[in-house]
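> The structure under discussion is supplied below as structure tokens; questions concerning it will follow.
Number of protein chains: 2
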Amino acid sequence: MKPDGVLQPGDTIGVLGGGQLGRMMALAAARLGLKTHIFAQASDEPACQVAAAHTLGDFAEDAALARFADAVDVVTYEFENVPASAAAFLAARRPVRPGPFALEKTQDRVIEKDFLNSIGVPTVPYAAVDDAGALIRHIGQIGRPAILKTRRFGYDGKGQIMLREGSDVGAAFRALGQTPCILEGVAQFEREISVVAARGLDGSFAAYDVCENLHENHILSETRAPAEIAPQTAAAAMDITHRILDALDYVGVIAVEMFELAETDAAGRRVERVLVNEVAPRVHNSGHWTLDGAITSQFEQHVRAIAGWPLGSPRRHGARVVMNNLIGEAADGWRRLAAEPGACLHLYGKGEARSGRKMGHVTRIFPKGEA
Amino acid sequence: MKPDGVLQPGDTIGVLGGGQLGRMMALAAARLGLKTHIFAQASDEPACQVAAAHTLGDFAEDAALARFADAVDVVTYEFENVPASAAAFLAARRPVRPGPFALEKTQDRVIEKDFLNSIGVPTVPYAAVDDAGALIRHIGQIGRPAILKTRRFGYDGKGQIMLREGSDVGAAFRALGQTPCILEGVAQFEREISVVAARGLDGSFAAYDVCENLHENHILSETRAPAEIAPQTAAAAMDITHRILDALDYVGVIAVEMFELAETDAAGRRVERVLVNEVAPRVHNSGHWTLDGAITSQFEQHVRAIAGWPLGSPRRHGARVVMNNLIGEAADGWRRLAAEPGACLHLYGKGEARSGRKMGHVTRIFPKGEA
């Protein structure tokens with residue numbers, strides 16, 4: 000790496016985490032002539048199968064982290080739960096991109112929403128809940144239904160409970176382990192949308208089309224690009240994303256999950272607005288469609304950003320693109336999907352198709368001129 | 000692998016050769032959840048950087064070949080000069096796709112042209128040349144200019160000499176090492192075109208657009224897809240390719256390089272026809288545009304074919320696609336290319352940018368509606 004923080008072809012990207020996101024990052028890095036070194040817990044993890052090297056260890060092992068840092072030119076990660084101590088340890092040795100500040104602001108749901116509101120980005124109403132008394136107090140203000148979530152480590156619906164009329168709130172708090180929580184109001188949304196975007200080392204910005212996300216059992220099942228929303232709503236979503244990236248002094252790809260709300264104003268006109276639900280400081284499942292459906296995939300875009308390279312074009316192929324996750328035994332349908340004309344199949348090299356496990360995805364591109 | 004010869008996700012493809020073609024094959028296999036094991040001569044070769052495993056050795060080492068065969072489910076290759084003995088050794092242990100018959104018919108320029116003519120595919124006039132006397136005899140029939148080439152191992156213009164009026168033919172034969180040669184007539188062609196196509200284990204056929212190839216110093220410099228040729232010429236090129244694949248009982252991706260000739264018939268009408276110049280039983284540089292410019296890349300298509308999977312769609316993105324090789328120090332322009340909006344940059348992970356060495360390529364997709 001050069002003193003200006005820019006990687007050269009042949010340099011090595013260190014990735015914390017060996018899952019499918021790290022795998023697709025490694026494949027994208029290889030296209031650009033960059034090597035990848037994975038920090039993983041087992042050598043058969045999906046990313047290790049396609050990387051030049053890996054270090055086995057966990058985030059509490061300074062010796063392993065030091066070996067990893069010595070072997071790479073820049074550090075990135077495929078998930079936001081990198082402990083602050085490990086991020087600081089690595090940042091003292093190599094550039095960590097996105098930086099520890101972005102991790103700090105997005106690992107904890109209360110800190111994240113405080114941060115968003117502080118830069119004028121709207122969210123649902125929320126309150127920190129440290130004990131059962133606080134929960135009872137706040138649910139009176141926020142109303143029901145509301146969602147109680149752990150502040151940290153939740154994903155795919157894990158670590159959250161819906162509180163409806165008559166729900167036993169004390170039991171819900173106990174079920175989440177009496178750990179620090181957040182109580183969130185429930186948005187009556189029209190659509191769940193997301194913006195996957197990147198910010199370069201030079202502050203440049205590039206965003207993919209706003210897309211619409213459909214979930215099943217709290218797990219993303221389908222992404223449609225572009226979302227069928229009003230142009231001014233899309234512009235508002237882009238603007239919010241851009242502000243978040245700048246405020247975080249971000250380098251890399253980010254995903255901002257939002258709710259689109261439709262309301263009727265005093266004059267009877269339909270008004271759309273967006274709230275931010277969650278920020279993921281990394282490549283994101285709702286950006287997988289870009290692998291086949293855009294000039295530059297989100298994985299290449301992330302690699303370009305953290306390498307200090309110019310961002311690539313996020314332009315979409317075709318009129319619209321639809322991505323479906325293959326979850327659990329849905330991946331057993333690989334042969335049928337492989338035979339479907341025009342379907343782009345991706346499998347992640349995972350051994351066992353456990354229920355709820357993301358095994359792969361399939362992308363379909365609908366050409367211009369075909370609805 | 001199942002008894003029907005079809006690979007399952009998680010199975011391993013063995014690739015003979017560790018260059019950029021093997022590298023891009025490994026990246027494509029990873030997308031589909033398949034592992035790759037490279038047979039290479041050094042662990043820093045481009046393909047080894049992205050493969051789950053590699054075996055170091057050369058084709059004369061049976062022990063290395065046996066270890067490699069034991070570790071894989073199917074064997075393929077990235078170049079046609081795999082010795083017949085090694086191919087036979089491996090084929091006795093694992094399926095080799097494309098099969099040894101395809102190698103036998105394409106490694107030697109005389110055998111290749113005999114084969115093509117035997118199935119009614121036209122070539123330039125040619126003759127086998129085993130000694131200087133034969134050369135003098137045949138050049139009288141074929142005329143000048145003519146090209147003297149070694150029968151085997153030539154590529155990128157290596158191992159060939161143009162014989163013009165006044166050339167010393169004896170000196171040319173000595174310069175090529177007095178090795179078995181072929182003397183070829185020179186086609187007065189309009190364009191050099193190629194068809195990259197695949198045949199599945201079930202005999203299915205899929206071809207990319209006929210493309211036009213431009214060379215500099217005998218090395219491919221640019222591929223344009225589609226070639227600007229008459230529809231009936233494109234259909235003839237496709238038909239020839241299909242016949243070659245069927246005659247070879249081929250499994251995998253093939254490239255057929257052709258000359259397009261334009262002549263004027265007795266009635267004064269322009270008539271286009273094609274001759275086959277060379278057949279490459281593998282993925283090919285003139286198919287690199289498919290990585291970004293088609294639904295299924297040639298590398299994924301090859302993996303699908305040799306895995307016994309259904310072939311993917313070869314449909315092109317955009318109105319036209321142009322691929323330029325980055326040869327030698329042209330790759331030093333990577334940063335400018337990375338900054339060019341819409342340019343898709345590929346670098347092969349090679350250390351030293353020697354003159355004439357293929358270091359990477361760049362693809363540009365021109366959308367429909369833009370010329």
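One line per chain: the protein sequences are A and B, in this order.
Under numbering that gives the first Met the number 0, the first residue of the first sequence carries the number 0, and numbering increases by one thereafter.
Under numbering that gives the first Met the number 0, the first residue of the second sequence carries the number 0, and numbering increases by one thereafter.
Heads up, the beta-carbon is just placed ideally off N, CA and C, and yes, glycines get one too.
Alpha carbon to alpha carbon, what distance is there between H287(B) and S296(B)?
8 Å
> Compare the C-beta of L325(B) against all C-beta atoms of chain A and say whether one is closer than 8 Å.
no
> Counting pairs of beta carbons, one from the segment 213-221 of chain B and one from the segment 163-170 of chain B, are three or more of them closer than 8 Å?
no
> Excluding sequence positions up to five away, which residues of its chain have a Cβ less than 8 Å from the Cβ of A70(A)?
T11, G13, H36, A52, T54
> Which residues in the same chain have their Cβ closer than 7 Å to the Cβ of V278(A), if we skip the five residues on either side of it in sequence?
T105, E111, I243, I253, V255
> Identify whether G13(B) lies in helix, strand or coil by the three-state DSSP scheme.
In this structure, G13(B) counts as strand in the three-state DSSP scheme.
> Look at the Cβ atom of V73(A), then the Cβ atom of R93(A), and state whether they are nearer than 8 Å.
Yes.
> Relative to the alpha-carbon of H301(A), which residue among V282(A), E103(A), D201(A) has its alpha-carbon at the smallest distance?
V282(A)
> Near F58(B), what residues of its chain come up, given a Cβ to Cβ distance below 6 Å and the 5 sequence neighbours on each side ignored?
P82, A85
> What does DSSP give as the partner residue(s) for N323(A) in the beta ladder?
Paired residue(s): E221(A), V361(A).
> Using 8 Å as the threshold, is the segment 191-198 of chain B in touch with the segment 206-217 of chain B, meaning 3 or more CB pairs across them?
yes
> What's the call for T122(B), buried or exposed, on a 16-neighbour Cβ count within 10 Å?
The C-beta of T122(B) has 16 or more other C-beta atoms within 10 Å across all chains shown, which makes the residue buried.
> Compute the Euclidean distance between the alpha carbons of G169(B) and G153(B), then round it to the nearest angstrom.
20 Å
> Starting from K459(B), find everything on chain A with Cβ-Cβ shorter than 8 Å and list it in chain order.
Absent from the structure is residue 459(B), since the part of chain B shown begins at 0 and ends at 370.
> Cα separation between Q40(A) and A50(A)?
14 Å
> Taking the straight line between their C-alpha atoms, what separation do you get for R319(B) and L115(B)?
Taking the Cα positions, R319(B) is about 30 Å away from L115(B).
> Taking the straight line between their C-alpha atoms, what separation do you get for L64(B) and F38(B)?
The C-alpha of L64(B) lies about 8 Å from the C-alpha of F38(B).
> Anyone know if the C-beta pair for I326(B) and K349(B) falls short of 8 Å?
When the beta-carbon positions are compared, I326(B) and K349(B) stay at least 8 Å from each other.
> Quick one: residues in its chain with C-beta nearer than 7 Å to the C-beta of R150(B), no 5 flanking neighbours on either side, listed in chain order?
Excluding positions up to five away in sequence, the list reads D107, R108, V109, P179, C180, I181.
> I need the DSSP call for L200(A), collapsed to helix, strand or coil.
In the three-state reduction of the DSSP assignment, L200(A) falls in the coil class, being assigned neither a helical nor a strand state.
> In the segment 267-298 of chain B, which residue ranges form an unbroken alpha helix (DSSP H) of at least 4 residues, counting only runs that do not cross its ends?
For the alpha helix (DSSP H) assignment, the uninterrupted runs of no fewer than 4 residues enclosed by the segment 267-298 of chain B are, from N- to C-terminal side, 289-292.
> Report the neighbours of A329(B) on chain A: residues whose CB is nearer than 9 Å to its CB, in chain order.
Chain A residues near A329(B): none, gap ~13 Å exceeds 9 Å.
> 8 Å is my cut-off, CB to CB: does P225(A) come that close to chain B?
no
> Measure the alpha-carbon distance for E259(A) versus S117(A) and round it to whole angstroms.
21 Å
> Where does F114(A) sit, in a helix, a strand or coil, going by DSSP?
F114(A) falls in the helix class under three-state DSSP.
> Tell me R190(A)'s beta-bridge partners as DSSP assigns them.
E259(A)
> Starting from E60(B) and walking both ways along the beta strand (DSSP E), at which residues does that stretch end?
From DSSP, E60(B) is part of no beta strand (DSSP E); its letter is neither H nor E.
> Could you check how far apart the C-beta atoms of L147(A) and I160(A) are, in whole angstroms? I think they sit under 8 Å.
5 Å
> With the cut-off set at 8 Å, would you say D291(A) and C210(A) are in Cβ contact?
Not in contact: D291(A) and C210(A) (Cβ atoms no closer than 8 Å).
> List the residues of chain A that K34(B) touches, going by C-beta distances under 8 Å, in chain order.
Q48, G348
> Can you find a C-beta in chain B that's less than 8 Å from the C-beta of A59(A)?
no
> What's the gap between the Cα of P124(B) and the Cα of G184(B)?
5 Å
> Look at the alpha carbon of G119(B) and the alpha carbon of G32(B), and state the distance between them as a whole number of angstroms.
40 Å
> Classify H316(B) as buried or exposed, calling it buried when 16 or more other Cβ atoms lie within 10 Å of its own Cβ.
buried
> In chain B, which residues lie with their C-beta within 7 Å of the C-beta of W288(A)?
Those do not exist, as W288(A) stays about 14 Å from chain B at its closest Cβ, beyond 7 Å.
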